[in-house]
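Protein chains in written order, with our numbering: chain A, 116 to 434; chain B, 146 to 594.
Here a beta-carbon is modelled for each residue, glycine too, at the ideal position from N, C-alpha and C.
Reviewing the structure listed below.
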Amino acid sequence: MNHDFDFGAEQPKLVVLLLGVVAFLAVVGLILLLLDRFSSRPGLILLTPALVLLTIGLAVPTVRTALLSFMSGDSRRFVGVDNYLWMLTQPEGLLTLRNTLLWVVLVPVLVTSIGLVYAVLVDRSRFEALAKSLVFMPMAISFVGAGIIWKFVYTYRPEDADQIGLLNQIVVWLGMEPRQWLQEPPLNTFFLMVVLIWIQAGFATVVLSAAIKGIPSEIIEAARLDGAGPFAMFFRVTLPSIRPAVLVVLVTQAIGTLKLFDIVRTMTNGNFDTSVIAVDMYNNAFRFGETGKGAALAVFLFVLVMPIVWYQRKLQRTR
Amino acid sequence: MSKRPLLVGTIGLALVATGCGSSTPENKPAATGGAPAPVSAECKPYETYGKHEGTKVTIYSPIRDKEADLFQETWKQFSECTGIKVTYEGTGEFEAQIQVRVDGGNPPDLAFFPQPGLLERFAKAGKLKPASPEVTKLTDEGWSPDWKKYGTVDGTFYAAPLGASVKSFVWYSPKMFTENGWQVPKTWAELMTLTDTIAAKGIKPWCAGIESGDATGWPATDWIEDIILRDLGADAYDQWVTHKLPFNDPKVVAAVDKVGAILKNDKYVNGGYGPVKSIASTAFQEGGVPITTGKCGLHRQASFYANFWPEGTKVAEDGDVFAFYLPGNDTSSKPVLGAGEFVAAFTDRPEVKAMQQYLATADFANARMKLATYVSARKGVDLANAQNPIDKLSMEILADPQTVFRFDGSDLMPAAVGAGTFWKEMTAWINGKDTKSALDAIDKSWPTD
């Protein structure tokens with residue numbers, strides 16, 4: 116009974132679906148009609164739906180979240196900047212901020228460097244296609260899936276038992292004692308970072324590899340004729356030529372890392388000093404009924420992302 | 146966000162319209178036929194709830210899968226006889242989703258709350274309907290005042306209890322005990338002596354696992370609650386869960402250290418899994434399993450752990466595993482930690498009241514028990530209906546007049562503590578944090594309003 120598809124029970128969803136389709140057609144029809152009538156201002160008419168949706172989906176929630184961040188947990192009392200003070204003063208909160216900072220500084224740099232080195236190494240080699248698809252494959256795995264996979268890699272079993280975790284098995288083979296990798300701060304944060312790097316390095320490789328291929332062959336030939344060695348080639352020719360692509364990878368990775376949530380929640384749930392802002396935000400807002408604190412963390416995250424987004428826009432304009 | 150209630154409202158209207166449309170033809174023959182149809186024998190017990198032809202009651206609950214199917218089977222007859230169509234929805238995200246549904250203007254008719262603390266939040270926000278006189282009467286007859294208290298907020302009674310579980314159990318292997326001549330301990334001192342005896346045998350006496358995804362840490366908090374209830378007493382326990390007794394009070398510190406003497410002692414834990422820290426990464430479902438392989442002697446976990454033993458493990462006093470009551474400091478009193486669900490109503494239509502009333506009866510509890518494993522703290526349930534010895538033992542303990550029952554404290558505290566820092570800090574505590582700093586951090590996190 117529970118598992119059959121019951122049209123009666125699904126009725127609300129179907130009604131919503133129908134309403135959505137009807138509303139969509141109505142809006143499209145209205146726009147076409149208006150375009151016909153007032154053909155002098157097509158830009159404004161065409162932009163209106165997008166603007167309305169942005170207002171509902173982005174502007175209103177942003178303002179509301181900002182307001183909520185100055186309210187108490189049940190959103191009934193104004194508490195001023197208490198939530199922000201809480202975030203910036205309690206030791207666990209500071210730890211969360213420190214972890215987020217570590218992630219944002221290290222992960223984009225490591226992803227980009229690994230991707231770049233890999234792209235340069237496999238460039239024009241015989242196995243390039245295979246090598247690139249191998250490193251790209253983890254991209255197809257969701258963060259939660261990757262988290263579970265790596266949780267197994269780090270799994271601990273006591274010395275006298277059979278190891279089921281890859282890392283500890285290797286450690287045992289090397290004649291050392293198995294360790295509980297995810298429970299040893301501050302090292303565990305780095306073990307979590309490995310997961311994200313594993314996922315994202317493929318993205319960096321593909322983007323940067325494409326950029327490398329875009330370097331005009333005249334430049335490369337000229338450099339070779341001038342006697343540039345491999346290092347000079349890399350630092351003086353390749354890197355400057357693909358600088359915009361490198362920056363794009365760095366920036367997108369930085370934004371993605373700031374919002375990081377799934378990996379930490381799946382693997383440690385923020386325990387053992389590994390929490391990051393997004394995990395704390397979710398827990399406070401949706402599990403603890405502390406909407407104010409959750410909102411304050413969300414606003415803080417928003418403020419942190421803004422300069423990076425702004426920089427990305429600037430980058431796009433100069434290109 | 147602002148658009149949502151309007152949309153939901155419209156759909157609701159549409160539904161009411163279609164609901165009326167479809168039910169009219171069914172009602173017509175009865176109306177024109179004059180005399181009401183004679184009541185069949187199966188429906189005789191449900192006569193008191195009246196006829197609610199064509200009505201619908203929605204239930205939202207954290208109970209899922211097999212147990213959910215069993216519930217639906219239990220009230221099938223009720224549903225057929227009263228004409229109330231019951232739409233049951235179980236979810237793994239009850240705590241977060243119930244808030245979303247209520248905020249979104251789409252609350253269920255009834256909800257099974259496993260946390261009195263969460264129930265209190267909705268009652269204080271004015272979202273819940275007080276219980277009907279019938280439900281109140283059934284609760285007064287059926288449950289001890291301790292239980293009724295947990296469905297009461299600011300003097301108003303809202304929710305009758307449903308199922309129950311006893312948490313103060315220690316699982317062991319009867320075979321291992323007989324082979325070694327060990328006795329089930331009756332006092333805390335005896336338990337600690339037994340612990341040393343087992344350790345001297347070269348077996349780690351205790352095993353534990355507190356990993357539980359989002360809720361990692363809860364089994365450790367159950368330990369603490371059990372000891373606070375024993376050492377500080379029921380009154381102090383009540384003060385502790387309402388923060389009248391600070392979380393870092395020296396008495397609480399002492400109780401936590403008493404737990405630490407077992408859980409943070411490498412000589413005593415963690416049988417089958419390694420050193421102390423492995424407790425934090427062992428899934429609670431697997432915590433006691435080493436008992437079956439002889440690598441661990443004792444595992445403190447609730448009655449529902451009966452479902453987590455490997456396939457083919459016989460749960461009985463003469464079987465592979467069984468549980469004894471986690472003893473008090475002496476035999477004169479019997480403090481018991483437990484948990485359960487409470488049935489609260491967000492609407493007060495007659496059919497919703499009828500359903501809520503039916504769920505509070507001993508008939509419902511008995512019918513449910515006959516189907517499969519289930520524990521109820523209700524008076525008037527027939528213990529002969531218990532499906533396994535641990536259910537029976539649980540209900541005997543719950544019905545024992547000597548028993549001082551207290552609800553799982555973390556379910557009573559504000560979620561920020563009870564489902565947040567208490568779990569988190571106890572996990573950190575297992576992982577090496579000292580007692581005082583862990584308790585200081587929990588105390589500081591207690592919401593101020």
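Worksheet entry | Selected residue, minimal CA-CA separation from W591(B), among G563(B), W574(B), M571(B) and N576(B) | G563(B)
Item to check | Own chain residues within Cβ distance below 6 Å of P170(B), not counting five before or after | outcome: Bear in mind that the predicted position of P170(B) carries a pLDDT of just 39, short of 50, making it unreliable; the figure below should be weighed with that in mind. Around P170(B): no qualifying Cβ.
Based on Cα-Cα distance, which residue from V434(B), L543(B) and W363(B) lies nearest to K479(B)? L543(B)
Query - Pairwise C-alpha distance: A489(B) and L217(A) - result: 46 Å
- [ ] Answer yes or no: does any C-beta atom of chain A fall closer than 8 Å to that of E171(B)?
- [x] Residue confidence for E171(B) is low, a pLDDT of 40 falling below 50, so the modelled location carries little weight; the figure read from the coordinates is stated next. Output row for E171(B): interface = no.
Using a Cβ cut-off of 8 Å (strictly closer), state whether G404(A) contacts chain B. yes
Cα separation between L145(A) and Q244(B)? 37 Å
Buried or exposed: P559(B), going by 16 or more other Cβ atoms within 10 Å of its Cβ? buried
Is the Cβ-Cβ distance between V202(B) and D254(B) less than 8 Å? yes
Inset, instruction - Note down the Cα distance separating S184(A) from K331(B), rounded to an integer number of angstroms. - result: 53 Å
Any beta-carbon of chain B closer than 8 Å to the one on F387(A)? yes
Can you check the region 314-393 of chain B for any alpha helix (DSSP H) of at least 4 residues that lies completely inside it and give the ranges in chain order?
319-325, 333-345, 363-376 and 379-386
V167(A) to W201(A), Cα distance in whole Å?
-> 35 Å
How many angstroms separate the CA atom of D579(B) from the CA atom of D402(B)? 9 Å
task = May I have the straight-line CA-CA distance separating Q295(A) from E225(B), to the nearest angstrom?
result = 55 Å
Report the rounded CA-to-CA distance for A175(B) versus V280(B), giving the unit in angstroms. Any reading at A175(B) needs caution, since the residue's pLDDT is 40, under 50, leaving its predicted position unreliable; the model's value is listed next. Looking at the two C-alpha atoms, the distance is approximately 30 Å.
Q. Within 10 angstroms of its Cβ, does Q547(B) collect 16 or more other Cβ (buried), or is it exposed?
A. exposed
Got a sec: which bits of the region 399-427 of chain A sit with their beta carbon under 7 Å from any beta carbon on chain B, in order along the chain? F401, R402, F403, G404 and E405
**Message:** Once DSSP output is grouped into helix, strand and coil, what is the label at S167(B)?
**Reply:** Because S167(B) carries a pLDDT of 39, less than 50, the predicted location of this residue cannot be relied on, and no value is offered for it.
Margin query: Can you tell me which residues form a DSSP beta bridge with F487(B)?
Written below: F258(B) and P306(B)
Measure the Cβ-Cβ separation of Q126(A) and V222(A) and say whether it is below 8 Å. no
- From which residue to which residue does the alpha helix (DSSP H) around I378(A) run? D377 to M382
With respect to 7 Å, is the separation between the Cβ of R152(A) and the closest non-hydrogen atom of the ligand GTP below this value?
With respect to the ligand GTP, the structure offers nothing, as it holds no ligand at all.
Review point. Just the Cα atoms here: how many angstroms apart are V231(B) and S277(B)?
Key: 19 Å
Per-residue contacts from G237(B) into chain A (C-beta, under 8 Å)
Here the premise fails: no neighbours, minimum Cβ distance about 13 Å.
What do you get for W425(A), buried or exposed, if any count of 16 or more other CB atoms within 10 angstroms of its CB means buried? exposed
For the beta strand (DSSP E) containing C441(B), list its first residue and its last residue.
C441 to R445
Practice item. Just grab the DSSP bridge partners of I279(A) for me. Key: Answer is none; I279(A) lacks a bridge partner.
Q.
Going by C-alpha to C-alpha distance, which of E238(B), D465(B), Y413(B) and Q217(B) sits closest to A360(B)?
A. E238(B)
- Item | Proximity winner among V363(A), M348(A), N384(A) and N214(A), relative to L236(A) (alpha-carbon distances) | M348(A)
* **Separation of E218(B) from E198(B), as counted between CA atoms** => 19 Å
Practice item. Buried or exposed for Q431(A), please, with buried defined as at least 16 other CB atoms from any protein chain shown within 10 angstroms of its CB. Key: exposed
Just reading off the beta strand (DSSP E) that Y233(B) is part of, what are its end residues?
I229 to G235
Best match in P253(A), P273(A) and E274(A) for proximity to W265(A) [C-alpha to C-alpha]: P253(A)
- Task: Mark V196(A) as exposed unless 16 or more other C-beta atoms lie within 10 angstroms of its C-beta, in which case mark it buried.
- Result: exposed
Anything in chain A within Cβ reach of R266(B), meaning under 7 Å, just list it in chain order.
-> G404
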